[in-house]
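For reference, the structure discussed in these notes is given below.
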Amino acid sequence: MYKTGILNSEISKVLSDLGHTDCIVIADCGLPVPKGVRKIDLALTFGVPSFESVYAILLEHMSVQKMIFAEEMKTDNSTLYEKIQETDVEREFVSHEAFKKLTQDTVAIIRTGEATPYANVILESDVLF
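Numbering-wise (UniProt numbering), the sequence shown opens with residue 1 and increments by one.
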């Protein structure tokens with residue numbers, strides 16, 4: 001049995017298969033999932049699991065070179081905006097409409113139970129060397 005790391009087999013598989021510049025999304029429970037993009041649904045009820053808990057675990061287990069957020073987060077979810085400032089990873093902000101279009105080219109969307117506005121991020125995979 002897998003002793004350490006992410007116990008969710010779907011997430012573990014997605015992370016193992018990522019190549020440089022491949023992207024995955026951590027999403028709140030309201031973000032639409034485009035047809036053809038794999039959805040890993042973790043949502044149990046509003047707030048469970050939270051965006052922040054899934055975000056922290058993925059950053060611990062994934063090499064990330066860039067994160068993309070909706071510009072609207074800065075004003076409509078300032079608590080989360082302040083939290084993401086704690087990382088040293090490059091951050092890019094785009095309109096929420098542009099963000100939704102970018103999700104069409106991602107490997108997977110991990111849906112959380114988060115129910116606060118604009119609690120979504122696209123994580124771009126880095127290389128380890």
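C-beta atoms are modelled at their ideal positions from N, C-alpha and C, and glycine is treated no differently.
- Cβ contact annotation for Thr79 (same chain, cutoff 7 angstroms, sequence separation greater than five): none.
- Under DSSP, Thr45 takes part in a beta bridge, and its partners are Val48.
- Per the C-alpha coordinates, the member of His96, Val64, Leu123 positioned closest to Pro32 is His96.
- Three or more Cβ pairs closer than 8 angstroms define a contact, and the segment 32-45 falls short of that threshold against the segment 56-76.
- Within the same chain, Cβ atoms closer than 6 angstroms to the Cβ of Met62 are found at Leu15, the five residues on either side in sequence being excluded.
- A residue is called buried once 16 or more other Cβ atoms fall within 10 Å of its Cβ, and Asp28 is buried on that count.
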